[in-house]
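K.L.:
One structure follows; several queries about it will come next.
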Amino acid sequence: HQRMKGISDWLIAKAEPQSITIGYCAGGVSAAAALAAAALRPDAVQAIVAIAPRIDLVRSYLPRVVAPTLFITAQGDRQALDMSSKALAELSSDTSLDNVREARERGLSHTLETIPEVANVFENEQSRQKVEQLATLWFTRYLSLTE
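If you read the sequence shown in the working numbering, its first letter stands for residue 59, the second for the next number, and so on.
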């Protein structure tokens, strides 16, 4: 998560004001790192796609994640599905933080999508295409430069 946060910090420092939007897309342990990095820089990250994330590694960061977050898991991966379902309730739950309260007022958008009939989201070409489609739609919606 420190590397992801560091890259975001570097991009923001090098970019013209208001000319950059940042989204994280990662799977497994890297998805956990993306969630932690987004919690540490809520002002920098506008969207997250977490594919079968290792929620157990970042549970303490979840209450501070305010970026719209899409969890993608395989329908047959009961453990990832269960962890992601529980994580949805934990996202943006620390209402003692101003940025969490503001995000809640704007209407948070956190979603869980499942890839049917597979045990692993990268199991076959069809499941990989579905992951790509879901991530593309999410980022198109939340990283749009036009309002």
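The C-beta atom is built at its ideal place from N, Cα and C for all residues, glycine as well.
1) Looking only at its chain, what residues have a beta carbon closer than 7 Å to the beta carbon of F180, apart from the 5 residues adjacent to it on each side?
2) Cα separation between V124 and H168?
3) Between L149 and L120, what straight-line distance do the alpha-carbon atoms span, to the nearest angstrom?
4) Apart from the five residues on each side of it in sequence, which residues of its chain come closer than 7 Å, Cβ to Cβ, to A94?
5) Is S154 near A102, with beta carbons less than 8 Å apart?
6) Tell me which residue opens and which closes the beta strand (DSSP E) that Y119 is part of.
7) How long is the line joining the alpha carbons of L69 and R122, rounded to whole angstroms?
8) Using 10 angstroms around the beta-carbon of V189, count the other beta-carbons present and answer buried if the total reaches 16, otherwise exposed.
9) Helix, strand or coil: how does DSSP classify L128 here?
10) Quick check on the DSSP output: the alpha helix (DSSP H) that includes A105 runs from which residue to which?
11) Roughly how many angstroms lie between the CA atoms of D114 and A147, to the nearest whole one?
P.N.:
On the basis of the data shown:
1) Within the sequence shown, the letter at position 122 stands for residue 180. Shown here for F180: same chain residues with a beta carbon closer than 7 Å to its own, the five before and five after excluded, namely R186 in chain order.
2) Your numbering for residue 124 matches position 66 in the sequence shown. Your numbering for residue 168 matches position 110 in the sequence shown. Between the alpha carbons of V124 and H168 lies a gap of roughly 9 Å.
3) Taking the sequence shown and counting its residues from 1, the one referred to as residue 149 is at position 91. Taking the sequence shown and counting its residues from 1, the one referred to as residue 120 is at position 62. If I take the Cα positions, the gap works out to 5 Å.
4) Indexing the sequence shown from 1 puts residue 94 at position 36. Once the five neighbours on either side are set aside, the close Cβ partners of A94 are H59, V116, Y119.
5) Counting from 1 along the sequence shown, the entry for residue 154 is found at position 96. Counting from 1 along the sequence shown, the entry for residue 102 is found at position 44. Their beta carbons are not under 8 Å apart, which means S154 does not touch A102 by this criterion.
6) Within the sequence shown, residue 119 is the residue found at index 61, counting from 1. First-last for Y119: undefined, no H or E at that position.
7) One-based indexing of the sequence shown puts residue 69 at position 11. One-based indexing of the sequence shown puts residue 122 at position 64. Going by the C-alpha atoms only, they are around 22 Å apart.
8) The residue labelled residue 189 in the question sits at position 131 within the sequence shown. When all chains shown are included, V189 counts as buried.
9) Counting from 1 along the sequence shown, the entry for residue 128 is found at position 70. DSSP places L128 in strand when its eight states are reduced to three.
10) Residue numbering aside, residue 105 sits at position 47 when the sequence shown is read from its first letter. DSSP places A105 in no alpha helix (DSSP H) but in the uninterrupted beta strand (DSSP E) bounded by 103 to 109.
11) One-based indexing of the sequence shown puts residue 114 at position 56. One-based indexing of the sequence shown puts residue 147 at position 89. About 14 Å.
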